[in-house]
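Residue numbers (our numbering): 2 to 699. What follows is a single structure, written as structure tokens, with notes after it.
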Amino acid sequence: MTELSKTNSPRAFIAVVVGLSLSLSYAAAAIADGGVHYRDVSRQVGVHYRRAPSETIANRDFVNHFDVITFFDIALYPLKGDGAPGVSILDYDKDGDLDFFISNGPGRAHSLYENQLEERGEAVFRDVARQAGVAAVGQDGTGSCFGDIDNDGDHDLLVLGRAEQHRLFLNNGDGTFEDLREDSGIGAGVGAASCAMGDIDNDGLLDIAIAETYDWSTFLGIVAIPFDLNVHNQLYRNVDGARFEDVSVERGFTDLASGGMPADVATITWSMTMVDYDQDGDIDILHGDDQASVPGAIRGGADRGYTHLFENDGTGYFENKTLERGLDVTAHWMSFSWADYDCDRGLDFFNTSVGDYMYQALDDTFPLPYELGEWPSAWFFSNSAGGFDFPPVGTDLVATPWGWGSSSLDYDNDGDADIMYHGGLHMGFINALDNPGTIMQNKGVCSGGFRWDQNALTRSHTRRGVEGMAVGDLNRDGFPDVVSAAGFTVPQHHGLVLFDPYGSYFDTVAYRNELLRPINDLPLGPGKEFVWEGKVVEEGDAVVEFNSAGNRNRWVAVELQGSVGTVSGATVNRDGIGGIVTVTPYRGSRAKRPIEAGGSYASQNALEQTFGLGLARSATVDVQWPGGVRNRLHHVKSYERIRFPEIPCSIDASHMDLREYKRCVRTALHELRGSGAVSAGLSARLYQSAVTAWLQER
């Protein structure tokens with residue numbers, strides 16, 4: 002006879018637990034939607050980053066000094082000649098506070114800003130890149146991502162080179178890194194933009210995907226040649242913790258033809274995300290591609306700007322399911338951020354694009370047919386058929402601005418996911434400056450409808466060509482802060498001009514900086530000629546913005562800890578990357594987010610995630626681990642930070658009875674205590690919650 006059959010009434014037992022929860026919690030009422038703002042604290046906290054340009058900036062100077070710049074000469078400008086910095090927020094020294102990394106250009110060191118919160122009691126930063134061994138002065142750095150690739154308990158860092166060898170820095174655990182570029186097996190870039198990490202075959206080791214484009218020396222790949230200049234993305238499998246092998250072709254990762262592309266072509270991919278989108282226990286991969294200035298098939302051209310979805314078959318091999326999942330939507334996709342925006346338990350994502358205003362600049366120079374809302378920075382909602390719906394941006398927004406980096410975050414801690422994104426571009430003939438920094442507020446609670454919170458950012462980023470951005474709780478007040486890095490800044494003496502209006506709130510802030518002056522009245526085409534107006538942008542900067550935490554909303558913070566190598570039967574990488582966290586406040590809506598390494602253009606958010614509770618005083622935390630095991634912790638108090646360990650005993654396990662399940666949990670917790678991963682108090686809470694959850698699932 003099992004222990005379950007001995008229990009008089011499992012439902013009665015659950016009722017007691019729920020009653021205890023009621024006595025410990027208070028209903029969330031009058032949740033503040035908004036009510037917080039961000040302030041620029043860069044100088045106060047010691048951040049003085051300046052971005053060195055790429056060597057390709059010489060091509061811009063070369064074209065600008067032509068006596069006459071023709072219509073065709075514009076394609077010779079470099080793409081991202083000022084540099085393409087990425088941001089990663091990580092606790093590199095494992096001291097309990099979040100640090101951040103920003104890539105830099107050739108001749109200038111990357112920056113690793115060490116947080117002094119634990120040492121000095123305030124969140125101020127010092128750049129320790131040289132001491133830590135990640136300066137890489139000769140590298141033209143672009144995107145970065147991080148994760149514990151060797152499962153030794155600290156974060157390792159991958160920094161991409163634009164058109165050179167990528168640098169994989171192995172954390173030594175003493176505040177320094179070892180450069181593995183010669184031995185890692187990870188190749189060089191041609192126009193590498195972003196990276197992501199995830200365990201594709203659930204062997205406990207993090208694998209790596211890299212987003213490639215083409216050679217950024219010119220704009221030819223954007224405006225003239227649809228496929229021939231492009232380079233395939235790469236997928237690297239982790240062999241032994243520090244060595245990788247290229248499995249891109251073998252695992253089906255280069256198959257774009259099944260996703261609606263011509264056979265044997267590559268696309269322009271700006272961002273990569275490794276997420277279990279269908280929540281079946283294995284990591285899938287999506288990449289966002291750029292249609293650029295090539296007309297789509299509907300207008301007689303060629304589609305190349307899809308969001309390609311590679312679905313894992315459960316063994317680490319992939320099938321392209323772009324068409325079946327409704328992701329053959331043509332735009333200029335550049336960044337991913339994930340959450341359950343409408344709280345229907347599915348995972349949705351936001352994807353940045355060029356937006357609506359940039360079309361006007363392209364139309365002035367490279368005429369393209371266009372309809373309002375065709376290229377928005379917008380969201381895809383999961384549907385009951387296993388695919389995604391792509392709704393219009395809505396009457397609250399009408400039009401959206403340009404975007405690069407993005408994040409799904411609960412910036413006001415009201416219990417649902419909002420969106421923050423940045424963007425700007427130097428195209429040689431114009432600076433697109435239509436995004437002053439944007440926070441899309443999820444209206445009400447979990448409506449899935451968004452409005453622009455114009456007051457949330459107290460400084461304008463209009464004159465910053467922001468590329469990478471990432472969020473994390475830098476000052477540990479429970480509200481997410483943000484770090485953004487710009488490739489260039491526009492001097493104040495440059496006069497800006499508003500784009501033509503659409504009837505959107507963004508009309509008042511969507512600026513452009515004209516850099517060329519036409520010298521004839523001919524229509525656009527081969528005869529059109531220009532001269533350079535002499536405007537030169539300045540080096541890019543980094544901005545740190547702290548959340549005011551000014552409303553009454555409560556929160557919990559969750560960080561995952563995989564137990565591979567420390568607990569018998571555990572299979573999850575030490576950082577828990579690929580897990581999915583669901584936080585349910587008492588009488589609140591479920592908030593769900595995946596823990597991913599990468600996703601945002603060129604950048605990575607902190608792995609620790611803060612979840613808003615509104616005014617609730619407690620919540621339940623559920624984790625689905627890579628592989629499908631589910632754990633649950635009840636009665637997580639507001640303002641609590643939980644490092645949630647993998648317990649390889651699933652609350653919905655059908656192959657064991659209650660006695661076997663209890664034994665499994667006790668054994669795992671004993672091993673976790675022995676390794677120092679959990680305290681005695683947390684162990685007791687996890688055990689009680691595990692048993693309760695097992696009964697709840699029956």
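For each residue, glycine too, the CB sits at the ideal point set by N, CA and C. Treat the numbers as computed from the prediction; the structure is a model and nothing was measured.
Length of the line joining the Cα atoms of residue i and residue j
{"i": "ASP54", "j": "LYS536", "result": "Checking the sequence shown, residue 54 turns out to be Pro, not Asp. Rounded to whole angstroms, PRO54 to LYS536 spans 16 Å at the Cα level."}
{"i": "ALA691", "j": "ASP357", "result": "49 Å"}
{"i": "TRP339", "j": "VAL69", "result": "47 Å"}
{"i": "ILE286", "j": "MET335", "result": "15 Å"}
{"i": "ALA130", "j": "TYR114", "result": "7 Å"}
{"i": "ASN384", "j": "ASP501", "result": "36 Å"}
{"i": "PRO11", "j": "TYR662", "result": "Residue placement at PRO11 is poorly supported in this model, since its pLDDT is 42, which falls under 50; the coordinates are not used for a value here."}
{"i": "ILE729", "j": "GLY528", "result": "As displayed, the chain neither begins before 2 nor continues past 699, which places residue 729 out of reach and without an answer."}
{"i": "ALA487", "j": "ARG664", "result": "53 Å"}
{"i": "ASP623", "j": "LEU634", "result": "7 Å"}
{"i": "SER185", "j": "GLY162", "result": "15 Å"}
{"i": "HIS671", "j": "PHE228", "result": "56 Å"}
{"i": "ILE648", "j": "ASP149", "result": "19 Å"}
{"i": "LEU475", "j": "ASP658", "result": "44 Å"}
{"i": "THR308", "j": "GLY36", "result": "34 Å"}
{"i": "THR177", "j": "GLN132", "result": "7 Å"}
{"i": "ILE652", "j": "GLY282", "result": "15 Å"}
{"i": "VAL109", "j": "GLY570", "result": "For the record, residue 109 in the displayed sequence is Arg; it is not Val. Cα to Cα, ARG109 sits roughly 46 Å from GLY570."}
{"i": "ILE440", "j": "ILE223", "result": "28 Å"}
{"i": "HIS156", "j": "GLY97", "result": "13 Å"}
{"i": "ASP202", "j": "PRO627", "result": "9 Å"}
{"i": "CYS344", "j": "GLU165", "result": "43 Å"}
{"i": "GLN1", "j": "PRO86", "result": "With the chain represented from 2 up to 699, any question about residue 1 goes unanswered, as that position is not in the structure."}
{"i": "LEU207", "j": "VAL248", "result": "14 Å"}
According to DSSP, residues forming a beta bridge with residue i
{"i": "TRP453", "result": "MET441"}
{"i": "MET421", "result": "SER408, ILE440"}
{"i": "GLU533", "result": "The sequence given here has Trp at residue 533, not Glu. According to DSSP, TRP533 bridges with LEU517."}
{"i": "GLY162", "result": "GLY142"}
{"i": "HIS288", "result": "MET273, HIS309"}
{"i": "TYR114", "result": "PHE101, ASP128"}
Within 8 Å, strictly: CB atoms of residue i and residue j
{"i": "GLU534", "j": "VAL483", "result": "no"}
{"i": "GLY232", "j": "THR214", "result": "Looking at the sequence itself, residue 232 is Val, so the reference to Gly does not match. Cβ atoms of VAL232 and THR214: closer than 8 Å."}
{"i": "GLY387", "j": "ASP279", "result": "yes"}
{"i": "GLU372", "j": "THR71", "result": "no"}
{"i": "ALA511", "j": "LEU523", "result": "no"}
{"i": "HIS494", "j": "ASP83", "result": "no"}
{"i": "SER604", "j": "GLY469", "result": "yes"}
{"i": "GLN562", "j": "GLY579", "result": "no"}
{"i": "ARG575", "j": "GLY154", "result": "yes"}
{"i": "ASP454", "j": "PHE507", "result": "no"}
{"i": "PHE389", "j": "ARG326", "result": "yes"}
{"i": "LEU614", "j": "GLY589", "result": "yes"}
Neighbour-count burial assignment, residue i, 16 or more Cβ in a 10 Å radius
{"i": "ALA694", "result": "buried"}
{"i": "ASN632", "result": "buried"}
{"i": "PHE73", "result": "exposed"}
{"i": "THR3", "result": "At THR3 the pLDDT is 31, less than 50, meaning the model places this residue with poor confidence and gives no usable figure here."}
{"i": "TYR640", "result": "exposed"}
{"i": "HIS462", "result": "buried"}
{"i": "VAL240", "result": "exposed"}
{"i": "ILE187", "result": "buried"}
{"i": "GLN697", "result": "buried"}
{"i": "ASP314", "result": "exposed"}
{"i": "PHE489", "result": "buried"}
{"i": "ARG699", "result": "exposed"}
{"i": "ASN554", "result": "buried"}
{"i": "SER1", "result": "The requested residue 1 does not occur in the structure, where the chain is confined to residues 2 to 699."}
{"i": "ASN456", "result": "exposed"}
{"i": "PHE63", "result": "exposed"}
{"i": "HIS49", "result": "exposed"}
{"i": "GLY473", "result": "buried"}
CB contact below 8 Å: residue i versus chain B
{"i": "LEU434", "result": "The chain labelled as chain B is not found in the depicted structure, where only one protein chain is given."}
Start-to-end residues for the beta strand (DSSP E) that takes in residue i
{"i": "LEU221", "result": "Per DSSP, LEU221 belongs to no beta strand (DSSP E); it is in the alpha helix (DSSP H), 221-224."}
{"i": "ASN133", "result": "Checking the sequence shown, residue 133 turns out to be Ala, not Asn. From DSSP, ALA133 is part of no beta strand (DSSP E) but of the alpha helix (DSSP H) over 130-133."}
{"i": "ILE211", "result": "208-212"}
First and last residue of the uninterrupted alpha helix (DSSP H) at residue i
{"i": "THR693", "result": "681-697"}
{"i": "CYS665", "result": "659-675"}
{"i": "LEU118", "result": "118-121"}
{"i": "ILE58", "result": "58-65"}
Contact test: residue i Cβ vs the ligand SAM heavy atom, cutoff 7 Å
{"i": "PHE67", "result": "For the ligand SAM, the structure offers nothing, since it holds no ligand at all."}
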